[in-house]
Amino acid sequence: KKHTVTLIPGDGIGPEVTDAVVRILEATKVGFEWERYAAGAEAFEKYKEYIPKDLYDSIERNKLALKGPVTTPIGGGFASINVTLRKKFELFANFRPIKNLPGLETRYPGVDLVIVRENTEGEYVGIEHEVVPGVVESIKIITEKGSTRIAKFAFEYARKHHRKKIHAIHKANIMKMSDGLFLKCAREVSKGYPEITYGEHIIDNTCMQLVMNPYQYDTLLLENLYGDIVSDLCAAFVGGLGLVPGANLGADAAIFEAVHGSAPDIAGKNIANPTALLQSAVLMLHHIDEHAAAEQVQRAIEKVYSEKKTLTRDVGGKSGTREFADAIIQAIEEG
Ligand code: NAI
Ligand code: MG
Numbered sequence: 005k006k007h008t009v010t011l012i013p014g015d016g017i018g019p020e021v022t023d024a025v026v027r028i029l030e031a032t033k034v035g036f037e038w039e040r041y042a043a044g045a046e047a048f049e050k051y052k053e054y055i056p057k058d059l060y061d062s063i064e065r066n067k068l069a070l071k072g073p074v075t076t077p078i079g080g081g082f083a084s085i086n087v088t089l090r091k092k093f094e095l096f097a098n099f100r101p102i103k104n105l106p107g108l109e110t111r112y113p114g115v116d117l118v119i120v121r122e123n124t125e126g127e128y129v130g131i132e133h134e135v136v137p138g139v140v141e142s143i144k145i146i147t148e149k150g151s152t153r154i155a156k157f158a159f160e161y162a163r164k165h166h167r168k169k170i171h172a173i174h175k176a177n178i179m180k181m182s183d184g185l186f187l188k189c190a191r192e193v194s195k196g197y198p199e200i201t202y203g204e205h206i207i208d209n210t211c212m213q214l215v216m217n218p219y220q221y222d223t224l225l226l227e228n229l230y231g232d233i234v235s236d237l238c239a240a241f242v243g244g245l246g247l248v249p250g251a252n253l254g255a256d257a258a259i260f261e262a263v264h265g266s267a268p269d270i271a272g273k274n275i276a277n278p279t280a281l282l283q284s285a286v287l288m289l290h291h292i293d294e295h296a297a298a299e300q301v302q303r304a305i306e307k308v309y310s311e312k313k314t315l316t317r318d319v320g321g322k323s324g325t326r327e328f329a330d331a332i333i334q335a336i337e338e339g
């Protein structure tokens with residue numbers, strides 16, 4: 005059986021890491037058909053559209069995409085392609101497992117956290133305007149529907165995977181109504197899951213608590229902005245942004261992408277770490293029920309990291325993106 009996947013290489017380090025991951029996926033026995041599309045500034049140059057209609061249609065058909073990072077201009081320019089796609093396909097859950105790789109020494113050993121980030125609401129609805137010169141209003145949207153469905157997602161995930169605790173992270177002391185509603189919904193949903201301990205922590209304290217002792221948490225449930233920020237913080241526990249995968253999940257479609265961005269500081273130099281996107285691809289393989297291939301790739305990753313011979317610079321190695329991918333492919337071929 006062939007799987008048709010929409011492939012968005014993105015820009016910056018996107019093309020390098022997607023190329024590595026596609027080569028690795030081709031080395032598994034799973035059959036893939038890739039529908040490749042540009043997005044963002046690159047697409048605009050070619051088609052005068054930031055997200056070409058063909059790209060939308062492709063995701064609509066396939067319900068499945070693998071995506072590299074896309075640069076979003078600061079200040080003016082265009083709206084984030086990432087945020088736009090998540091909203092368009094109602095990919096309301098951003099799932100980000102933060103887990104140490106065996107063999108890789110990091111700031112904290114044995115971290116095993118799950119971040120569940122609401123992916124369509126909050127400040128990221130992007131409704132902003134200038135009220136009068138010098139005064140800007142930015143609107144944060146929190147809905148009962150959105151908060152309840154992300155809380156349900158987190159609790160369902162925790163139940164299915166035997167996780168013990170969920171903390172809803174908030175600033176309801178200041179954002180009394182919006183974060184208050186988010187918390188109220190989470191609390192309500194938690195009642196249906198008596199086997200899972202439910203707690204609530206304020207976001208700033210949470211950042212300190214995480215760095216002091218990440219082991220006190222299990223699954224974190226966060227609004228969009230808080231989840232964005234806390235994801236990068238937690239990435240540092242397990243070796244940085246080069247490692248941490250993500251899945252944007254909705255009722256209908258799914259887009260798999262790393263937590264990191266387009267990393268312009270290292271783009272085009274064959275030094276980016278493709279592990280984050282590769283582990284996103286492992287999540288994708290599980291999603292399409294190719295569990296054997298998912299485990300095969302994960303084993304290859306763990307082997308290459310344990311051997312420490314062919315690692316990228318961000319994790320203390322000397323190898324390039326391509327050489328790392330070659331080592332993974334070799335590990336796959338050797339079983
Ligand atoms: P970034 O995540 O691109 O990079 C932050 C730091 O981590 C940089 O020092 C970078 O070199 C390093 N890094 C990131 N990924 C790495 C990898 N795979 N291997 C080794 N090192 C890696 O964040 P930054 O620089 O703030 O954002 C750059 C652009 O990416 C911005 O335009 C931003 O809007 C966009 N972005 C896009 C995302 C997406 O497409 N989903 C997500 C986050 C940011
Ligand atoms: Mg981010």
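In the UniProt record's numbering, each residue's number is its place in the sequence shown (first place is 1) plus 4. Here a beta-carbon is modelled for each residue, glycine too, at the ideal position from N, C-alpha and C.
- Under the 10 Å beta carbon count, N86 is surrounded by 16 or more other beta carbons and is classified as buried.
- Proximity to K164 across C189, E199, A190, H133 peaks at E199, based on C-alpha coordinates.
- Between V263 and the set Y41, Q302, Y112, L70, the nearest pair of CA atoms involves L70.
- A heavy atom of the ligand NAI is found nearer than 7 Å to the CB of S266.
- Judged by DSSP in its simplified three-state form, T316 adopts strand.
- By the neighbour-count criterion, in which a residue is buried when 16 or more other Cβ atoms sit within 10 angstroms of its Cβ, G150 is buried.
- Distance from the C-beta of V129 to the nearest heavy atom of the ligand MG is not below 7 Å.
- Exclusion of the five residues before and after F159 leaves I170, V193, S194, G196, Y197, I200 as the residues of its chain whose Cβ lies within less than 8 Å of its Cβ.
- DSSP places I119 inside the beta strand (DSSP E), whose first and last residues are 116-122.
- Going by beta carbons, S266 and D15 fall inside the 8 Å limit.
- M288 counts as buried, since no fewer than 16 other beta carbons sit within 10 angstroms of its beta carbon.
- Counting along the chain, the unbroken beta strand (DSSP E) around E39 starts and ends at 35-40.
- Among the bridge pairs identified by DSSP, G203 is matched with H171.
- Approximately 6 Å separates the beta-carbon atoms of I28 and L282; this is inside 8 Å, confirming the contact.
- The residues E20, G324, T325, R326, in chain order, have a CB closer than 7 Å to that of N274 in the same chain once the five nearest residues on each side in sequence are set aside.
- Between the region 101-110 and the region 72-90, the count of Cβ pairs shorter than 8 Å is below three; the stretches do not touch.
- The shortest CA-to-CA distance from A296 to any of F96, V242, G339, P249 is the one to G339.
- Taken through DSSP and simplified to helix, strand or coil, Y309 comes out as helix.
- Look at N98 here: in three-state DSSP terms it is strand.
- Three or more beta-carbon pairs drawn from the region 113-125 and the region 220-230 are found closer than 8 Å, and the two stretches are therefore classed as touching.
- Rounded to whole angstroms, the gap between the alpha carbons of D23 and E30 is 11 Å.
- S235 and R100 have their C-alpha atoms roughly 8 Å apart.
- The DSSP assignment places complete beta strand (DSSP E) segments of no fewer than 3 residues inside the region 215-271 at 223-226, 251-253, 258-261, in order along the chain.
- Secondary structure note for E125: it is in no beta strand (DSSP E), with a DSSP letter that is neither H nor E.
- Classified as exposed, G203 has fewer than 16 neighbouring CB atoms from the shown chains inside 10 Å of its CB.
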